[in-house]
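Working notes, structure below.
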Amino acid sequence: MATGAATAIVDLLNSRPYAGLADKLDDPAAAQLVLRPFGQEEPPPASRIEQIRAVRDTLVSLADESGDWADLTARLSGSVFNFNFEADSVRLRQVTGDPVVGRVAQAVATLVEEGNWSRVRLCANEICREAFYDSTRSRTRRWHSYEYCGNKVNVAAHRARGK
Ligand SMILES: [Zn+2]
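Its first residue numbered 66, the sequence shown is counted upward by one per residue in the working numbering.
Pasting the structure below:
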């Protein structure tokens with residue numbers, strides 16, 4: 066099962082323009098839905114959207130395995146956290162940087178620490194490229210939806226082999 070962090074990150078990646086869809090971050094209502102899991106309760110101002118978009122695009126390239134983790138580290142360098150200790154718990158408290166970017170950073174950190182970042186991938190269908198979370202044990206899922214993308218590709222491959 067995809068965790069809350071995984072679902073929120075996949076939704077963020079799918080807010081980008083792909084497969085003919087518009088950039089959801091350009092639409093205040095859509096942006097609010099995408100960013101709510103990261104603590105944004107109102108449509109964010111355009112000045113903040115640019116920074117969030119840049120982080121998103123870096124994450125897309127990492128999901129596509131064409132990106133560089135050092136770029137993400139640099140992008141998130143403005144998000145600084147302190148430990149908040151209590152007797153039976155410890156939490157990170159953000160002290161500087163955009164709060165949504167900070168929450169995105171924490172969600173990605175969770176996935177990386179769990180060893181689950183590699184489950185966040187882009188659909189192998191070149192005209193789709195929707196991001197998805199592969200929760201299979203074998204981690205071999207290639208399409209966001211077997212029905213929509215995998216089947217078509219398989220039928221095409223089967224036909225090609227038959228010729
Ligand atoms: Zn697809």
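All C-beta atoms, glycine included, are put in the ideal place defined by N, C-alpha and C.
All of these numbers come straight from a predicted model, not from anything done at the bench.
- Ala87 sits exposed, since fewer than 16 C-beta atoms from the chains shown fall within 10 Å of its C-beta.
- Looking at the DSSP output, Tyr211 bridges to nothing.
- Distance check between Asp122 and each of Ser112, Leu90, Glu106, Gln97 places Leu90 closest, using alpha-carbon atoms only.
- Within the region 128-171, the runs of alpha helix (DSSP H) at least 4 residues long that lie entirely inside it are, in chain order, 134-140.
- DSSP places Ala96 in no beta strand (DSSP E) but in the uninterrupted alpha helix (DSSP H) bounded by 93-100.
- With a threshold of 16 other beta carbon atoms within 10 Å, Ile74 meets it and is buried.
- Measuring C-alpha to C-alpha distances from Gly69 to each of Glu195, Ala172, Val99, Trp208 identifies Ala172 as the nearest.
- One thing to note: Glu195 has its Cβ within 8 Å of the Cβ of Ala84.
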